[in-house]
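Working notes, beginning with the structure itself.
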Amino acid sequence: MVVLEVLAIGLPQVSFKKNKGHKYLVDANRTAGLSPGVHTSKVSTLRDLQYKKRKAIAITKKAKLRRLELKTERNQDISSCEVREGISYQSGIDMEESRLDPENITEIPPPRTSRIEASPKHDSVTEIFFDIEATGLSRSSHITQLAAKSAAESFSRFVLPQHQITPKAAEITGLTFENGQLLSKGNVLPALLIDRKILSLGMARIIASSGLCLEHLKLAFSRNGCKGIKDLFTEKSGSGVRVTKSEKIIRQVSDFLKE
């Protein structure tokens, strides 16, 4: 009974406030033969003016575009997270063996930030040995190869330099740089996205500096096709995007991964 009484009082109040504004209290007092109240009248007028101002701003083109922009950003954030994390919640997800594939649960790293985090403390230490090959021994030499090895894993990547490799360095490493290509004893070393003109060298560096590699791009494409690449590249990072908003670059990378 108490709940019904509260609803019987509350619902008419909400209706009056919606239809007549905050002055419904003043009108109700006058109807009941009571003083409308000086303070109540002032506050009611002020609240109604504030409401009219907010309403006038809300129906402007600028306000509507801003609401659409915020909605797009929210959807973009959700879509980017889904592409990076893979499918982690879905009806009947345990019933499909394909969902148990490690590829579907591998997480793509989030955008890098400039914030420096403290190094975590470890009880055990893994020894990693690394080696660097360069175009020469001068201070302006460019790196041509990065390699590292631990007890369980190894890593090796070739880098396209902007300087010519000195004859002495070429004699020791067997690497030469000709016509924009890095060669090892005459054989072209892989740099597919650049060699096939899918990406420029500058764009490849932007992608690498954002924390992404070719495997991450393949993973995003396998999860959501071209839209997965777009969500990954246009993910918000600081005041800009993670990589680029260029539809041309997104389409070229998607077409390359589709092959």
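Residues in the sequence shown are numbered consecutively from 1, following full-length UniProt numbering.
Even glycine gets a Cβ: it sits at the ideal position worked out from N, Cα and C.
This structure is a prediction, so every number in the text was calculated from the model and none was measured.
Asked	Found
Assign Gly86 to buried or exposed, taking buried as 16 or more other Cβ atoms, counted over all protein chains shown, within 10 Å of its Cβ.	buried
Using a 10 Å radius around the Cβ and a threshold of 16 neighbouring Cβ atoms, would you call Thr144 buried or exposed?	buried
Using 10 angstroms around the beta-carbon of Gly240, count the other beta-carbons present and answer buried if the total reaches 16, otherwise exposed.	exposed
Over the uninterrupted beta strand (DSSP E) stretch that includes Arg157, give me the two end residues.	154 to 158
Starting from Ile198, trace the alpha helix (DSSP H) both ways and give me its first and last residue.	Per DSSP, Ile198 belongs to no alpha helix (DSSP H) and is neither H nor E.
Per DSSP, which one or two residues make a beta bridge with Ser184?	Leu175, Asn187
Which whole runs of the alpha helix (DSSP H) in the UniProt domain "PML C-terminal" (193 to 258) are 4 residues long or more, in chain order?	201 to 209, 214 to 233, 247 to 258
Taking the Cβ atom as the reference point for each residue, do Pro110 and Arg84 lie within a distance shorter than 8 angstroms?	yes
What does DSSP give as the partner residues of Glu85 in its beta bridges?	Beta-bridge pairing links Glu85 to no other residue.
On the criterion of 16 or more Cβ atoms from any shown chain inside 10 Å, does Leu49 qualify as buried, or is it exposed?	exposed
Going by beta carbon distance, what residues of the same chain come within less than 7 angstroms of Ile198, once the five residues before and after it are set aside?	Gln252, Val253, Phe256
Taking the DSSP output, what are the residues bridged to Ala56?	According to DSSP, Ala56 bridges with nothing at all.
Among the residues of its own chain, which have a CB less than 6 angstroms from the CB of Thr244, if the five just before and after it don't count?	Phe233
Short of 8 angstroms in beta carbon distance, which residues of its chain neighbour Ile132, apart from the five on each side in sequence? Order them along the chain.	Ile143, Gln145, Leu146, Ala147
On the DSSP bridge assignment, give the partners of Glu73 in chain order.	DSSP lists no partner for Glu73.
Going by C-alpha to C-alpha distance, which of Ile229, Lys258, Ile249 sits closest to Gln76?	Ile229
Have a look at the DSSP bridge pairing and note the partners of Asp131.	Ala147
Terminal residues of the continuous alpha helix (DSSP H) containing Arg30?	24 to 31
Work out the CA separation of Ile108 and Asn224 for me, nearest whole Å.	13 angstroms
In three-state terms, what does DSSP make of Ser140?	coil
Where does Arg166 sit, in a helix, a strand or coil, going by DSSP?	The residue you asked about is not Arg; residue 166 is Thr in the sequence shown. Here Thr166 sits in coil by DSSP.
Using the beta-carbon count (16 or more within 10 Å), is Ala169 buried or exposed?	buried
Applying the criterion that 16 or more other CB atoms from any shown protein chain within 10 Å of the CB defines a buried residue, is Ile128 buried or exposed?	exposed
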